[in-house]
Ligand code: FES
Ligand SMILES: [Fe+2]
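Chains as they are written, first to last, in this note's numbering: chain A, 112 to 561; chain B, 13 to 194.
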């Protein structure tokens, strides 16, 4: 490597000890310590030991179809340029010039042959190799070795059914191994059609004054909040004259969690797309469902009509047939930048895509009638946790504790949809990844760990 | 979707009509500030197009890439029905993003009005700054421009809104949500 990236779990320099961190999450009693949302030292450890080692979502394949297409994303607080290469592969590298640290590329996306730093003009190729420095002969006397001064590159970039992920850690297991049993559930979104999925243009970006884990955790398992948090949005979706008490979220769901920290909850009635109108519903309940049944089997289609989920640490998906994906980018312990996009089945007819697109924009986006009330709650919670009394008062994460089961229909640990199994396993992984020196010290069975 | 280029010869409407158009926009903004949402809705055409694109950071040589299209993501892509449901949501009294109620003040300026050759439709551009204050100390400020198509109608303010395109001057929306209308 041309630069030193310390990817070993390291908390020796932190005020936190392993025991201290383990004590923050008590899954035997079902409690959380609010300091996980506010503590600056924990946040620094998260950036290094979690985001520095995990697989992170970078882009959808269809966002960068052609050589030179690029999309700038973040891993933790590090800006990463994700670029399609001439051979069709994808490279990712730190968006930081090795001269003085300026951003190499300052636009959000586009197509480029080379990237030239706007400070002194060092330029890099599509793979992040330094290829030219101005006045190389006169100023550097030809003594600079260009090959030594490229930015750090992602050690691994791999795709799972259209979603591109990358990691800084050369020792990380393969992406499918990292995803573990989560792939069974991701297929609900990604593998319903032989034509795959495609990303619509544009990215929603907005800023919430709250810790990234509030969002990541809620999306991983929380069906419980829907009836109350989203009552107004659900009432507003009812047909004219309907009784407001009909605004109720499905009560039949299941929940999945695993040692890898990913989790989801799912329900069997077609709730998620109800607002997209009859034409879209006809497609989703008709040919779309038919093809999905053939590809995924009865259990995954009938029992999973809609699903919210989080791929550890901060990538979430929600919906069915068309869905929103979002990264909860950490921007300090008390700020999150949400980046969300819409993914649709490539086989969906245009009219259906437009109806689903509008429904997602109107429900889950900065102006989304559902999403508004989520961010409202998280922002207020973050302010509550400023208090020292608040920080020393434990929170209840015990819903459904002791009632997890194995279910031959579904891989992983399963509980009733209204439980906090997903959150408990998410936080179990969180503390493990904060403190484990190497992947070998993490409990999930990761076959390919080197 | 692109910001409107300034055309050389602007066919301005006559002074009295321009004044009425201005008063319409001021009154409409006041209805929203006053949370008179049902009255505001009655000014909206049944086939309204109400759209706000997302924006990317792009270089000046790449202007076509800046705004999302009508088939991409958008901040708003609304119909009369969906606007009505936004209002209905707020009126449930359980829309936590607006409960307790926010305080908003819409400043509408730089109004220009032109009339199509057929004379029916008025194209009106205006700039806005919207100040939103919520709870103990949340402050959000939205700045941008709007291009409206309005037509004289027997609404209580004399015009109906047929089309509104809103351009927000933020690529990353600096707010925890957009729970208000523009
Ligand atoms: S900082 Fe990039 S060339 Fe100097
Ligand atoms: Fe929610």
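By construction, the Cβ of each residue, glycine as well, lies at the ideal position given by its N, Cα and C atoms.
Chain-order list of chain A residues neighbouring residue 190(B): 477, 478, by C-beta distance under 7 Å. Here residue 76(B) is exposed. Its C-beta has fewer than 16 other C-beta atoms within 10 Å. Secondary structure of residue 142(B) (DSSP, three-state): strand.
For residue 554(A), the secondary structure class from DSSP, reduced to helix, strand or coil, is coil.
Ranked by Cα distance from residue 392(A), the first of 249(A), 242(A), 432(A), 270(A) is 432(A).
By alpha-carbon distance to residue 482(A), the top candidate from 330(A), 415(A), 175(A) is 330(A).
In the three-state reduction of the DSSP assignment, residue 332(A) falls in the helix class, which pools H, G and I. Between the alpha carbons of residue 103(B) and residue 318(A) lies a distance of about 26 Å.
Put simply, of 31(B), 115(B), 165(B) the residue whose alpha carbon is nearest the alpha carbon of residue 57(B) is 165(B). The C-alpha of residue 553(A) is placed about 46 Å away from the C-alpha of residue 82(B). Here residue 389(A) is exposed: its Cβ has fewer than 16 other Cβ atoms, across all protein chains shown, within 10 Å.
For residue 81(B), the nearest beta carbon of chain A is closer than 8 Å to its own beta carbon. Within the stretch 158-187 of chain B, the residues whose Cβ lies closer than 8 Å to any Cβ of chain A are, in chain order, 183, 184, 185, 186, 187. Boundaries for residue 516(A): no alpha helix (DSSP H) harbours it, while the beta strand (DSSP E) harbouring it runs 516-518, taken from the DSSP string. With respect to residue 123(B), residue 34(B) sits close: the two C-beta atoms are nearer than 8 Å. Going by C-alpha positions, residue 233(A) is about 10 Å away from residue 213(A). The continuous stretches of beta strand (DSSP E) do not include residue 174(A), and DSSP gives it neither H nor E.
Contact annotation, residue 44(B) with residue 118(B): C-beta distance approximately 6 Å; criterion of less than 8 Å satisfied. Taking a C-beta cut-off of 7 Å against chain A, the contacting residues of the stretch 55-79 of chain B are 66, 68, 69, 70, 71, 74, 77, listed in chain order.
The beta carbon of residue 230(A) sits closer than 7 Å to at least one heavy atom of ligand 1. Within the same chain, no residue comes within 7 Å of residue 478(A) by CB-CB distance, once the 5 residues on both sides are set aside.
As for any alpha helix (DSSP H) of minimum length 4 sitting wholly inside the stretch 462-526 of chain A, the runs are 482-495, 499-502, ordered along the chain. DSSP places residue 439(A) inside the beta strand (DSSP E), whose first and last residues are 433-441. Using a Cβ-Cβ cut-off of 8 Å, residue 220(A) counts as an interface residue toward chain B, since at least one Cβ of chain B sits closer than that to its own. Within a 10 Å sphere around the beta-carbon of residue 246(A) sit fewer than 16 other beta-carbons, which makes this residue exposed. If you keep only unbroken alpha helix (DSSP H) runs of at least 4 residues inside the stretch 22-50 of chain B, you get 27-45.
Beta-carbon to beta-carbon, residue 194(B) and residue 179(B) are separated by about 10 Å, too far to satisfy the 8 Å threshold. Runs of beta strand (DSSP E) with 3 or more residues, each lying fully within the stretch 285-348 of chain A, are found at 308-310, 315-319, listed in chain order. Between the alpha carbons of residue 359(A) and residue 151(A) lies a distance of about 39 Å. In summary, residue 380(A) is exposed, with fewer than 16 beta-carbon neighbours lying within 10 Å of its beta-carbon over all protein chains present. In this structure residue 129(A) is exposed. Its beta-carbon is surrounded by fewer than 16 other beta-carbon atoms within 10 angstroms.
Proximity of residue 315(A) to chain B, defined by a Cβ-Cβ separation below 8 Å, is satisfied. Along the stretch 227-284 of chain A, the beta strand (DSSP E) occurs as fully enclosed runs of 3 or more residues at 234-236, 241-243, 267-271, 274-278, listed in sequence order. Note that the stretch 288-297 of chain A does not touch the stretch 432-452 of chain A; fewer than 3 beta-carbon pairs, one per stretch, sit closer than 8 Å.
Taking 8 Å as the threshold, the shortest C-beta distance from residue 452(A) to chain B falls below it.
For residue 444(A), the number of other beta carbons within 10 angstroms of its own is at least 16, and it is reported as buried.
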